[in-house]
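For what it's worth, full-length UniProt numbering labels the leading residue of the sequence shown as 1, then goes sequentially. Written below as structure tokens is the structure these notes are about.
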Amino acid sequence: MSKIQGAIVVNTERCKGCNLCVAACKFGVIRLAAKKVNVHGYPYVETINAEACVGCAACGIVCPDGCITVYRKKL
Numbered sequence: 001m002s003k004i005q006g007a008i009v010v011n012t013e014r015c016k017g018c019n020l021c022v023a024a025c026k027f028g029v030i031r032l033a034a035k036k037v038n039v040h041g042y043p044y045v046e047t048i049n050a051e052a053c054v055g056c057a058a059c060g061i062v063c064p065d066g067c068i069t070v071y072r073k074k075l
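Next up, the structure:
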């Protein structure tokens, strides 16, 4: 059985900082950016522990604005 590595890409310009994805991530991969805002004035999420991502897509599923794209690759 091969291991799966995940990666996420956040569209920071669309993110409203609702924090639903942070709560949904069981692996602590993302967090709300401290003191950073997008052009609309919202804080956005950022990746902090990318190597822990397994590509489960929980963050992308709960995002109400579709700001998160999840990628998976076999190692």
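Each residue gets a CB set at the ideal place from its N, CA and C atoms; glycine is no exception.
Check your understanding: Quick one: what's got a C-beta closer than 6 Å to R72's C-beta in the same chain, skipping five residues either side?
Key -> Once the five neighbours on either side are set aside, the close Cβ partners of R72 are I4, G6 and G55.
> Whose C-alpha, out of K74, E13 and L75, is nearest the C-alpha of G41?
Replying inline: Residue E13 holds the alpha-carbon nearest to the alpha-carbon of G41 among K74, E13 and L75.
Excluding five sequence neighbours on each side, which residues of the same chain lie with their C-beta closer than 6 Å to the C-beta of residue 80? A query on residue 80 cannot be resolved here, the shown segment of the chain reaching from 1 to 75 and no further.
- Message: Just to confirm the assignment, what range does the beta strand (DSSP E) spanning V45 have?
- Response: Counting along the chain, the beta strand (DSSP E) containing V45 begins and ends at P43 to T47.
Through-space distance from I61 to L32, alpha-carbon basis: Rounded to whole angstroms, L32 to I61 spans 17 Å at the Cα level.
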